[in-house]
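Visitor: Note that the sequence shown covers residues 2 to 502 in the numbering used here. This is the structure I want to talk about, given as structure tokens.
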Amino acid sequence: MRKVEIFDSTLRDGEQAPGFSMNLSEKLSMARILAQLGADVIEAGFAACSQGDFACVKAVADEIKGVSVASLCRCTEKDSEIAWNAIKNAEKPLLNIFIATSDLHMKEKLDMTREQILERVAATVSYAKTLCPNIEFSAEDATRSDRNFLAQVLKTAVANGASVVNMADTVGYAQPWEIEELVAFMKKELADSNPHKLSVHCHNDLGLATANTLAAIKAGADRVDVTVNGIGERAGNAALEEVVMALKTRPDLYGAETSVNAKMLFPASRKLTMLTGCKVQPNKAVVGKNAFAHEAGIHQHGVMKNPDTYEIFHPEDVGSSIGRIILGKHSGRHALLDRIAELGFAELTEEQVKTVFEKFKILAETKKTVGDRDIEAIVRSEVLGIPEIYKLDKYVINSGNILSNTCNIRIVKRGDVFLDGFAAGEGPIDAAYNAINDALKKDARLLDYVIESVTGGTDAQGAVSVKIAVGEKTVKGYGVSVNIFEASIFAYLNALNALEE
Ligand code: MN
């Protein structure tokens, strides 16, 4: 079997899409599971883009070992230097240098001629190579570029030290057979160049990102860019879980494998969902809620006789059967620890495990059964390690249809300062948030509020995600409780605490 390398861009292309932004601790937490699942490269961000991005890339490069860590960078010496400073402590640092090669992009966006592009690529790649041992060069909008010119650019990159050259279907324009042909063409063109790997970066604007990625693999691509849940700019990128499972399911066709542990696919998907608050569609391949649901009678009958009748792979193959086992108040620390590891949170410290176990016991007293979603909800705040500067002490909410909604609240600041607030509102949550603003003398504005039940049943925990703005800054918060008012207050305070960080 031929090895195909997985270049994961969840933290870069994925994270830059609307609604998927992650802060430093969220990115680190996601990076840990990407390394654990066996990605070959983690693209941690675009270091020169902002100071925040730089800090995130650096944090991932400093901490995450056993995997190559990359930063995207524009084709300039300055960007290369900034990116290099962010990734230099990585075990295998990689600069992913890109520039557009289509006539449209060169003319409209870059205002550069073909000759200028070739010069720039040669100059930047050779300079970057003096900084970083591993250089990937990516041709943006490659699929709408003149093939012969594209080949010239990639040859230039390889000649100047790039060990990987990537062709990006930046706008999701290509069709599978086109990509297959392009990869085959480029392999031939670059046959006499220095040793290098060929990779692709496919977008999903026509729903073809996975198909195109697989077509590239069929034609001999050595590496592919993917993201968990297929997140990314616009309609997203090729989904990691889909590409991995296609290769695993059809070795007869591809003769290729990845180093990804498929049992980590579902936990990684869940973790991303939890960190970003963005759910995957129920019918999403491999990781959707319905990916293994059999509704039709004939199907159910078949699956009961033999799951192979209607499943080409099974939930346990992708680590999603874990939801079937339920923990309760008689479950011990070990059972909980095992489950936490299976859910992708092997990163907890002793101290954190202690807190999580205490919270688990309290919840198990209230609820008969504690499911995976409950555990994830508890673990989340621990992993992200947001300091509890403001903590809820007590509150009363008055709500109904014959009186105005009001909230009285007491918040404790740093364990010893009591801040009281009172306010009315359009509804109970509005009243509570106004009361918190009153107590903290803050002018926080609520931008987004989502509530969902963590599990089924009327005793389910409510999980609230909020996005708030204070001045220029926006920040996310998350709270869980069997009481939805309390969950809402927790989420708001969690956001305000994250802001203080
Ligand atoms: Mn992209």
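Where is the CB? At the ideal position from N, CA and C, for every residue including glycine.
Assuming residue 34 and residue 268 are in contact, meaning their beta carbons sit under 8 Å apart, how far apart are those beta carbons, in whole angstroms?
Guide: Taking the first residue of the sequence shown as 1, we reach residue 34 at position 33. Taking the first residue of the sequence shown as 1, we reach residue 268 at position 267. Yes, residue 34 and residue 268 are in contact; Cβ-Cβ is about 7 Å, under 8 Å.
Visitor: Could you compute how far the alpha carbon of residue 407 sits from the alpha carbon of residue 217?
Guide: Position 406 of the sequence shown, counted from the first residue, corresponds to residue 407. Position 216 of the sequence shown, counted from the first residue, corresponds to residue 217. One Cα belongs to residue 407, the other to residue 217, and the distance between them is close to 60 Å.
Visitor: Would the stretch 443 to 454 count as touching the stretch 354 to 361 if we require 3 or more Cβ pairs under 8 Å?
Guide: no
Visitor: Can we count residue 296 as close to the ligand MN, meaning its CB is less than 6 Å from some heavy atom?
Guide: By one-based count along the sequence shown, residue 296 stands at place 295. Placement of the Cβ of residue 296 at a distance of 6 Å or more from every heavy atom of the ligand MN is found.
Visitor: Grab the span of the beta strand (DSSP E) containing residue 420 for me, first residue to last.
Guide: Numbered from its first residue, the sequence shown carries residue 420 at position 419. That run of the beta strand (DSSP E) goes 418 to 426.
Visitor: First and last residue of the beta strand (DSSP E) that includes residue 245?
Guide: For the purposes of this step, residue 245 is taken as the residue at position 244 of the sequence shown. Unbroken run through residue 245 is the alpha helix (DSSP H), 241 to 250; no beta strand (DSSP E).
Visitor: Output needed for residue 426: all residues of its chain with C-beta closer than 6 Å, excluding positions within five of it in sequence on either side, in chain order.
Guide: Here residue 426 refers to the residue found at position 425 when the sequence shown is read from its first residue. Taken in chain order, the residues that qualify are 406, 432 and 435.
Visitor: Should residue 137 be counted as a contact of the ligand MN given a C-beta to heavy atom distance under 6 Å?
Guide: Here residue 137 refers to the residue found at position 136 when the sequence shown is read from its first residue. Outside the cutoff, so no.
Visitor: For residue 32 versus residue 65, is the C-beta distance shorter than 7 Å?
Guide: Here residue 32 refers to the residue found at position 31 when the sequence shown is read from its first residue. Here residue 65 refers to the residue found at position 64 when the sequence shown is read from its first residue. In this structure, residue 65 lies closer than 7 Å to residue 32 by Cβ.
Visitor: Quick check on residue 291: buried or exposed, where buried means 16 or more other Cβ atoms within 10 Å of its Cβ?
Guide: What you label residue 291 is simply residue 290 of the sequence shown in a count that begins at 1. Exposed, because fewer than 16 other Cβ atoms sit within 10 Å of the Cβ of residue 291.
Visitor: DSSP state of residue 3, grouped into three classes?
Guide: One-based indexing of the sequence shown puts residue 3 at position 2. Strand at residue 3.
Visitor: For residue 204, name the three-state secondary structure that DSSP assigns.
Guide: Locating residue 204 in the sequence shown gives position 203, counting from the first residue. Correct three-state label for residue 204: strand.
Visitor: Got a sec? Which residues, its chain only, sit under 6 Å from residue 24 by beta carbon, not counting five neighbours each side?
Guide: Translated into positions along the sequence shown, residue 24 becomes position 23. Once the five neighbours on either side are set aside, residue 24 has no close Cβ partner at all.
Visitor: Following the continuous beta strand (DSSP E) through residue 21, name the residue where it begins and the one where it ends.
Guide: As a first step, residue 21 is located in the sequence shown; it is residue number 20 there, counting from the start. Here residue 21 belongs to no beta strand (DSSP E), and DSSP marks it neither H nor E.
Visitor: Less than 6 Å between the CB of residue 141 and some heavy atom of the ligand MN, yes or no?
Guide: Here residue 141 corresponds to residue number 140 of the sequence shown, with the count starting at 1. Incorrect: residue 141 has no Cβ contact closer than 6 Å to the ligand MN.
Visitor: Under the rule that 16 or more other beta-carbon atoms within 10 Å means buried, what is residue 299, buried or exposed?
Guide: As a first step, residue 299 is located in the sequence shown; it is residue number 298 there, counting from the start. With fewer than 16 other Cβ atoms within 10 Å, it is exposed.
Visitor: Starting from the C-beta of residue 485, find all residues in its chain whose C-beta is less than 8 Å away, skip the five residues before and the five after it, and write them out in chain order.
Guide: In the sequence shown, counting from the first residue as 1, residue 485 sits at position 484. So the list reads 452, 463 and 465, once near-sequence residues are dropped.
Visitor: Got a sec: does the ligand MN put a non-hydrogen atom nearer than 6 Å to the Cβ of residue 1?
Guide: Missing from the structure shown is residue 1; the chain here goes from 2 to 502 and no further.
Visitor: Using 10 angstroms around the beta-carbon of residue 335, count the other beta-carbons present and answer buried if the total reaches 16, otherwise exposed.
Guide: Position 334 of the sequence shown holds residue 335. It is exposed - the Cβ of residue 335 has fewer than 16 other Cβ atoms within 10 Å.
Visitor: State buried or exposed for residue 94, treating a residue as buried only when at least 16 other CB atoms are found within 10 Å of its CB.
Guide: The sequence position of residue 94 within the sequence shown is 93, counting from 1. By the 10 Å Cβ count, residue 94 comes out buried.
Visitor: On the criterion of 16 or more Cβ atoms from any shown chain inside 10 Å, does residue 403 qualify as buried, or is it exposed?
Guide: For this step, residue 403 is matched to residue 402 along the sequence shown. By the neighbour-count rule (16 or more Cβ atoms within 10 Å), residue 403 is not buried but exposed.
Visitor: Using a threshold of 6 Å, is the CB atom of residue 44 nearer than that to any non-hydrogen atom of the ligand MN?
Guide: Here residue 44 is taken as the residue at index 43 of the sequence shown, counted from 1. Every heavy atom of the ligand MN is 6 Å or more from the Cβ of residue 44, so no.
Visitor: My output table needs one value for residue 169: the three-state DSSP class, helix, strand or coil.
Guide: As a working mapping, residue 169 is identified with position 168 in the sequence shown. Looking at residue 169 - three-state DSSP - the assignment turns out to be strand.
Visitor: Following a CB-centred definition, is residue 352 positioned closer than 6 Å to any heavy atom of the ligand MN?
Guide: What you label residue 352 is simply residue 351 of the sequence shown in a count that begins at 1. Not so, every heavy atom of the ligand MN lies at least 6 Å from the Cβ.
Visitor: Please report how far the alpha carbon of residue 100 lies from the alpha carbon of residue 477, in whole angstroms.
Guide: What you label residue 100 is simply residue 99 of the sequence shown in a count that begins at 1. What you label residue 477 is simply residue 476 of the sequence shown in a count that begins at 1. Approximately 33 Å between the Cα atoms of the pair.
Visitor: Where does residue 454 sit, in a helix, a strand or coil, going by DSSP?
Guide: Working through the sequence shown from its first residue, we reach residue 454 at position 453. DSSP places residue 454 in strand when its eight states are reduced to three.
Visitor: Whole alpha helix (DSSP H) runs in the stretch 361 to 418 with 4 or more residues, listed along the chain?
Guide: 373 to 385
Visitor: Report yes if the C-beta of residue 234 is less than 6 Å from at least one heavy atom of the ligand MN; otherwise report no.
Guide: For the purposes of this step, residue 234 is taken as residue 233 along the sequence shown, with counting starting at 1. At least one heavy atom of the ligand MN is nearer than 6 Å to the Cβ of residue 234, so yes.
Visitor: Whose CA, out of 5, 19, 9 and 8, lies closest to the CA of residue 279?
Guide: Start at 1 with the first residue of the sequence shown, and residue 279 comes out as number 278. Distance check between residue 279 and each of 5, 19, 9 and 8 places 19 closest, using alpha-carbon atoms only.
Visitor: Span of the alpha helix (DSSP H) holding residue 489?
Guide: Reading the sequence shown from its first residue, position 488 is the one you call residue 489. Unbroken alpha helix (DSSP H) run through residue 489: 485 to 501.
Visitor: Just to confirm, are residue 230 and residue 38 a CB contact at a threshold of 7 Å?
Guide: In the sequence shown, the residue the question calls residue 230 occupies position 229. In the sequence shown, the residue the question calls residue 38 occupies position 37. Taking 7 Å as the Cβ cut-off, residue 230 and residue 38 do not qualify as a contacting pair.
Visitor: Applying the criterion that 16 or more other CB atoms from any shown protein chain within 10 Å of the CB defines a buried residue, is residue 343 buried or exposed?
Guide: As a position in the sequence shown, residue 343 is number 342, starting the count at 1. Looking at its Cβ environment, which holds 16 or more other Cβ atoms inside 10 Å, residue 343 is buried.
Visitor: According to DSSP, is residue 308 part of a helix, a strand, or is it coil?
Guide: Looking up residue 308 in the sequence shown gives position 307. Three-state result, residue 308: helix.
Visitor: My assumption, with CB atoms under 8 Å, is that residue 202 sits in contact with residue 236. Please give the rounded CB distance.
Guide: Position 201 of the sequence shown, counted from the first residue, corresponds to residue 202. Position 235 of the sequence shown, counted from the first residue, corresponds to residue 236. Not a contact, Cβ separation roughly 14 Å.
Visitor: Which class does residue 94 belong to by DSSP, given the choice of helix, strand or coil?
Guide: Within the sequence shown, the letter at position 93 stands for residue 94. Reduced to three states, the DSSP call for residue 94 is strand.
Visitor: Within its chain, find whatever has a CB closer than 8 Å to the CB of residue 96; leave out the 5 residues flanking it on each side and keep chain order.
Guide: Taking the sequence shown and counting its residues from 1, the one referred to as residue 96 is at position 95. Once the five neighbours on either side are set aside, the close Cβ partners of residue 96 are 71, 72, 74, 81, 84, 85, 88, 129, 132, 133, 135, 136 and 137.
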